[in-house]
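Engineer: With the numbering used here applied, the sequence shown corresponds to residues 23 to 503, in that order.
Got a structure here, written out as structure tokens. Questions coming.
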Amino acid sequence: MSFRVPAFLRPRRSFHRLRSLHLTPKEVEDRLAASQAHLGGTKPQSLSRPMDLQPRKADDFKLSPSPVVPMRGSTVIILAILSSLFFILVISFAFIGADIDEPYFQKILTSVAETSPGLVLIGESVDVDVDEPSITIHWSIIACGEDLMLPGSAGAHGSNKCGLPLNPLDIFVDSDTDPTATYDPSQIPFDRETGHRRSVQNLVQFDSDHILDVHEARLYPFDTYFLSSTIRAVSSDNQTIPIRKLATIDITSNFLIQTTDMESYSTPFSNDTQEMSRDLDMRIRRPSEARAFTLLLFGVSWILTHVTVGHVVLARRLTGVRSILKHLISAGAILVALPQLRNSMPDAPGLDGVLIDSIGFFPQMVITGLSIIILLLLLAMREVDSLKKPQHPDRPRSSRGQSLIRPPPPPPPTEKLNSIDMSQYEFQRLMKHLKGQYVFPPVPPSHRLRPSNEMHPSHRRCKTMSKIMEAGEVSHWSDDD
Numbered sequence: 023m024s025f026r027v028p029a030f031l032r033p034r035r036s037f038h039r040l041r042s043l044h045l046t047p048k049e050v051e052d053r054l055a056a057s058q059a060h061l062g063g064t065k066p067q068s069l070s071r072p073m074d075l076q077p078r079k080a081d082d083f084k085l086s087p088s089p090v091v092p093m094r095g096s097t098v099i100i101l102a103i104l105s106s107l108f109f110i111l112v113i114s115f116a117f118i119g120a121d122i123d124e125p126y127f128q129k130i131l132t133s134v135a136e137t138s139p140g141l142v143l144i145g146e147s148v149d150v151d152v153d154e155p156s157i158t159i160h161w162s163i164i165a166c167g168e169d170l171m172l173p174g175s176a177g178a179h180g181s182n183k184c185g186l187p188l189n190p191l192d193i194f195v196d197s198d199t200d201p202t203a204t205y206d207p208s209q210i211p212f213d214r215e216t217g218h219r220r221s222v223q224n225l226v227q228f229d230s231d232h233i234l235d236v237h238e239a240r241l242y243p244f245d246t247y248f249l250s251s252t253i254r255a256v257s258s259d260n261q262t263i264p265i266r267k268l269a270t271i272d273i274t275s276n277f278l279i280q281t282t283d284m285e286s287y288s289t290p291f292s293n294d295t296q297e298m299s300r301d302l303d304m305r306i307r308r309p310s311e312a313r314a315f316t317l318l319l320f321g322v323s324w325i326l327t328h329v330t331v332g333h334v335v336l337a338r339r340l341t342g343v344r345s346i347l348k349h350l351i352s353a354g355a356i357l358v359a360l361p362q363l364r365n366s367m368p369d370a371p372g373l374d375g376v377l378i379d380s381i382g383f384f385p386q387m388v389i390t391g392l393s394i395i396i397l398l399l400l401l402a403m404r405e406v407d408s409l410k411k412p413q414h415p416d417r418p419r420s421s422r423g424q425s426l427i428r429p430p431p432p433p434p435p436t437e438k439l440n441s442i443d444m445s446q447y448e449f450q451r452l453m454k455h456l457k458g459q460y461v462f463p464p465v466p467p468s469h470r471l472r473p474s475n476e477m478h479p480s481h482r483r484c485k486t487m488s489k490i491m492e493a494g495e496v497s498h499w500s501d502d503d
């Protein structure tokens with residue numbers, strides 16, 4: 023129930039609130055006095071201009087200096103391409119001059135030739151196979167000292183004091199009964215133009231295979247390996263030849279190698295003579311760069327796994343099927359990327375249960391797979407909920423179940439409108455009037471009464487005014503003003 027306030031209880035100046043339409047007499051006098059002062063050159067002391075009408079100083083129009091220079095999109099792309107090419111060019115300089123250093127074994131051979139001439143075995147290549155596990159060393163047979171070198175063979179590994187051995191010999195590795203390599207200087211060919219001996223790999227080099235100690239292989243990439251071996255050389259008359267030095271390279275593409283050699287001897291049961299030999303101790307570990315890249319890939323894999331868990335947490339708060347589908351696609355991509363990251367680790371062992379897989383790859387795959395399963399369940403639940411959701415009763419639908427969409431309102435009239443457009447515009451205005459949208463003073467949208475059926479509106483002026491009176495917003499309209 024609502025009532026109307028009598029006119030004698032209302033304020034006389036009902037238009038005081040509508041300052042955009044009417045002014046009180048006091049405001050009219052103030053405006054008139056301000057305009058006269060502006061024309062006559064005098065200005066009352068009681069009046070002051072608003073802030074938006076006051077003249078601005080010249081300093082207000084000065085632009086503050088900005089270090090950012092605007093650039094076009096094409097300019098930014100060109101600069102990015104040039105920067106990328108410059109970076110690639112600088113990185114490529116690492117390949118220039120990599121082979122200008124002196125030969126790696128030159129100092130070792132020169133030192134042996136000056137201090138203790140004799141037979142030297144140089145390990146030019148070391149192949150470490152962790153999966154076997156085994157290690158293969160590629161040896162070169164060299165003799166240091168002018169009296170021990172084959173004529174015309176000087177200059178081995180950049181040293182003029184070392185070359186091929188003068189006498190034939192057999193090489194025995196570890197406990198082999200048959201010689202691992204046989205050297206015969208008579209088979210070394212000459213170069214007809216220069217007269218020097220040619221170094222044919224199969225005639226002066228040999229390979230030795232060793233079993234690798236892999237009890238720390240599970241600690242990849244902090245795994246270390248150890249190898250010990252003994253080598254002896256025998257002449258053609260079955261006399262032991264002392265080996266003065268065993269040396270190998272100290273770095274490969276995947277490992278760092280530390281080699282230590284020492285003199286040794288053995289005493290066969292057949293006689294009491296001592297057979298001279300030389301032992302080799304080799305320690306192998308991963309380079310620091312390989313360890314760093316492995317740990318970075320390990321961390322990236324765990325971050326991606328945590329992202330899948332975040333997808334599940336976010337998807338639980340969503341109701342839209344498409345929004346959950348985006349999280350599902352992202353988690354599926356992560357599931358595919360994790361094995362690729364595992365295979366990208368430098369010289370990584372197989373999936374044999376090493377430590378980095380026990381705390382990394384296997385838990386990551388399990389967590390990511392469970393996250394995808396949960397996302398699929400959430401997607402199925404949202405699909406079922408959308409099918410069971412009741413349709414809006416007030417929204418009319420066609421015979422095919424599709425909601426009827428009203429056409430957009432016509433544009434405001436202009437001079438070029440014809441009679442048909444004008445009639446449509448007037449029809450829309452009439453519908454708004456019947457809905458009570460043209461009530462004075464303007465009614466907030468929260469107080470408007472919507473018809474039960476939007477397709478059949480009715481006049482709501484009285485109900486709208488009642489709603490305003492119930493809210494306590496009494497109009498100041500007066501019929502006497």
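For every residue, glycine included, the Cβ atom is placed at its ideal position computed from N, Cα and C.
Keep in mind that this is a model prediction, so the values were computed, not measured.
Express the C-alpha separation of leucine 373 and leucine 350 in angstroms, rounding to a whole number.
Structural biologist: Taking the first residue of the sequence shown as 1, we reach residue 350 at position 328. Taking the first residue of the sequence shown as 1, we reach residue 373 at position 351. Looking at the two C-alpha atoms, the distance is approximately 27 Å.
Engineer: Within this structure, are the beta carbons of leucine 188 and leucine 172 separated by less than 8 Å?
Structural biologist: Taking the sequence shown and counting its residues from 1, one reaches residue 188 at position 166. Taking the sequence shown and counting its residues from 1, one reaches residue 172 at position 150. Result yes, Cβ atoms of leucine 188 and leucine 172 sit closer than 8 Å.
Engineer: So what's phenylalanine 127 in DSSP terms, helix, strand or just coil?
Structural biologist: Indexing the sequence shown from 1 puts residue 127 at position 105. If DSSP states are grouped into helix, strand and coil, phenylalanine 127 belongs with coil.
Engineer: Would you call the stretch 137-149 and the stretch 91-101 touching, i.e. three or more CB-CB distances under 8 Å?
Structural biologist: Touching, no, given that fewer than three Cβ pairs across the two stretches are closer than 8 Å.
Engineer: Among Leu234, Ala55, Leu398 and Leu409, which one has its Cα closest to the Cα of valine 152?
Structural biologist: Numbered from its first residue, the sequence shown carries residue 152 at position 130. When each option's Cα is compared against that of valine 152, the closest is Leu234.
Engineer: On a CA-only basis, which of Ala239, Ser250 and Leu186 is nearest valine 226? Give me that one, please.
Structural biologist: The residue you call residue 226 lines up with position 204 of the sequence shown. Checking every option, the nearest Cα to that of valine 226 belongs to Leu186.
Engineer: Pick helix, strand or coil for valine 236, following the three-state DSSP scheme.
Structural biologist: Residue mapping note: residue 236 aligns to position 214 of the sequence shown, counting from 1. Three-state result, valine 236: coil.
Engineer: Kindly provide the ranges of any beta strand (DSSP E) runs that are 3 or more residues long and lie completely inside the stretch 231-281, ordered along the chain.
Structural biologist: Listed in chain order, they are 246-257 and 265-270.
Engineer: Using three-state DSSP, classify isoleucine 159 as helix, strand or coil.
Structural biologist: Translated into the one-based positions of the sequence shown, residue 159 becomes position 137. DSSP places isoleucine 159 in strand when its eight states are reduced to three.
Engineer: For arginine 422, I'd like the list of residues in its chain whose CB is within less than 6 Å of its CB, leaving aside the five on either flank, ordered along the chain.
Structural biologist: Along the sequence shown, read from residue 1 onward, the residue named residue 422 stands at position 400. Because arginine 422 carries a pLDDT of 47, less than 50, the predicted location of this residue cannot be relied on, and the following value inherits that uncertainty. So no residue of the chain qualifies.
Engineer: Do the stretch 299-312 and the stretch 241-260 make contact, defined as three or more Cβ pairs closer than 8 Å?
Structural biologist: These segments touch.
Engineer: Return helix, strand or coil for glycine 391, following the three-state DSSP convention.
Structural biologist: Looking up residue 391 in the sequence shown gives position 369. It is helical.
Engineer: Since I believe valine 150 is in contact with phenylalanine 277 (beta carbons under 8 Å), could you give me their beta-carbon distance rounded to a whole number of angstroms?
Structural biologist: Taking the first residue of the sequence shown as 1, we reach residue 277 at position 255. Taking the first residue of the sequence shown as 1, we reach residue 150 at position 128. Correct: roughly 5 Å between the Cβ atoms.
Engineer: Just the C-alpha distance for glycine 177 and glycine 140, rounded to the nearest angstrom, thanks.
Structural biologist: The residue you call residue 177 lines up with position 155 of the sequence shown. The residue you call residue 140 lines up with position 118 of the sequence shown. The straight-line gap from Cα to Cα measures roughly 15 Å.
Engineer: Short of 6 Å in beta carbon distance, which residues of its chain neighbour serine 181, apart from the five on each side in sequence? Order them along the chain.
Structural biologist: On the sequence shown, residue 181 is found 159 positions in, with the first residue counted as 1. Correct list, in chain order: Gln128, Leu131 and Thr132.
Engineer: When burial is assigned at 16 or more other CB atoms within 10 Å of the CB, is threonine 327 buried or exposed?
Structural biologist: Taking the first residue of the sequence shown as position 1, residue 327 is located at position 305. It counts as buried.
Engineer: Thinking C-alpha only, which one of Gln446, Ile356, Gly217 and Gly342 is nearest aspartate 407?
Structural biologist: Residue 407 sits at position 385 when you count from the first residue of the sequence shown. The shortest Cα separation from aspartate 407 among Gln446, Ile356, Gly217 and Gly342 belongs to Gly342.
Engineer: Measuring straight from C-alpha to C-alpha, what distance separates asparagine 440 and aspartate 52?
Structural biologist: Against the sequence shown, residue 440 aligns to sequence position 418. Against the sequence shown, residue 52 aligns to sequence position 30. About 47 Å.
Engineer: Which residues in the same chain as phenylalanine 383 place their Cβ atom closer than 6 Å to its Cβ, once the five residues preceding and following it in sequence are excluded?
Structural biologist: On the sequence shown, position 361 is the one that residue 383 refers to. So the qualifying residues of the chain are Arg364.
Engineer: Inspect the CB distances between the stretch 265-281 and the stretch 206-215 and report whether three or more fall short of 8 Å.
Structural biologist: Result no; under three Cβ-Cβ pairs closer than 8 Å.
Engineer: If we count Cβ pairs, one from each stretch, closer than 8 Å, do we get three or more for the stretch 230-247 versus the stretch 155-169?
Structural biologist: In short, these stretches touch, since the Cβ pair count reaches three.
Engineer: Using the Cα positions of threonine 274 and leucine 241, report the straight-line distance between them to the nearest angstrom.
Structural biologist: The residue given as residue 274 occupies position 252 in the sequence shown. The residue given as residue 241 occupies position 219 in the sequence shown. Threonine 274 and leucine 241: Cα-Cα distance of roughly 20 Å.
Engineer: Exposed or buried, which one is phenylalanine 228 when buried takes at least 16 other CB atoms within 10 Å?
Structural biologist: Looking up residue 228 in the sequence shown gives position 206. Buried is the call here.
Engineer: Under DSSP, the alpha helix (DSSP H) around glycine 145 begins and ends at which residues?
Structural biologist: Taking the first residue of the sequence shown as 1, we reach residue 145 at position 123. Note, glycine 145: premise wrong, no alpha helix (DSSP H); beta strand (DSSP E) at 140-151.
Engineer: Can you find the residues in the same chain that come closer than 7 Å, C-beta to C-beta, to tyrosine 126, ignoring five residues on each side of it along the sequence?
Structural biologist: The sequence position of residue 126 within the sequence shown is 104, counting from 1. Result list for tyrosine 126: Ile271, in chain order.
Engineer: Under 8 Å Cβ to Cβ from glutamate 136, same chain only, skipping five residues before and after it: list those, please.
Structural biologist: Against the sequence shown, residue 136 aligns to sequence position 114. Cβ neighbours of glutamate 136 beyond the five flanking positions: Lys183.
Engineer: Rank Thr262, Gly332, Thr390 and Thr316 by C-alpha distance to the C-alpha of proline 290 and give the top, closest one.
Structural biologist: To locate residue 290, count along the sequence shown from 1; it is residue 268. Ranking Thr262, Gly332, Thr390 and Thr316 by Cα distance to proline 290 puts Thr262 first.
Engineer: Who are the near neighbours of alanine 239 in its chain, counting only those whose CB is closer than 8 Å to its CB and skipping five residues on each side?
Structural biologist: In the sequence shown, residue 239 corresponds to position 217, counting from 1. Closer than 8 Å at Cβ, skipping near neighbours: Val152, Pro155, Asp245, Tyr247, Pro371 and Val376.
Engineer: Just how far apart, CA to CA, sit leucine 398 and alanine 337?
Structural biologist: Translated into the one-based positions of the sequence shown, residue 398 becomes position 376. Translated into the one-based positions of the sequence shown, residue 337 becomes position 315. Each residue's Cα considered, the two are about 10 Å apart.
Engineer: Check the C-beta distance from threonine 390 over to threonine 330 and give it rounded, since I have them as a contact under 8 Å.
Structural biologist: Locating residue 390 in the sequence shown gives position 368, where the first residue counts as 1. Locating residue 330 in the sequence shown gives position 308, where the first residue counts as 1. The pair is a contact, with the Cβ atoms about 5 Å apart (cut-off 8 Å).
Engineer: Is it buried or exposed, glycine 332, if we count other Cβ atoms within 10 angstroms and call 16 or more buried?
Structural biologist: In the sequence shown, the residue the question calls residue 332 occupies position 310. When all chains shown are included, glycine 332 counts as exposed.
Engineer: Measuring CA to CA, which of Lys454, Leu101, Glu311 and Ala102 is closest to aspartate 369?
Structural biologist: Reading the sequence shown from its first residue, position 347 is the one you call residue 369. When only C-alpha atoms are compared, the closest one is Glu311.
Engineer: If you run the structure through DSSP and keep just helix, strand and coil, what is arginine 220?
Structural biologist: The count along the sequence shown starts at 1 and reaches residue 220 at position 198. In this structure, arginine 220 counts as coil in the three-state DSSP scheme.
Engineer: Please name the residue in Ala355, Ser114, Leu340 and Asp196 whose C-alpha comes closest to that of tyrosine 287.
Structural biologist: Position 265 of the sequence shown, counted from the first residue, corresponds to residue 287. It is Asp196.
Engineer: Which whole-angstrom value is the C-beta distance of arginine 404 and isoleucine 356, which I expect to be below 8 Å?
Structural biologist: Here residue 404 refers to the residue found at position 382 of the sequence shown. Here residue 356 refers to the residue found at position 334 of the sequence shown. Going by Cβ atoms, the distance from arginine 404 to isoleucine 356 rounds to 21 Å, so no, they are not a contact pair.
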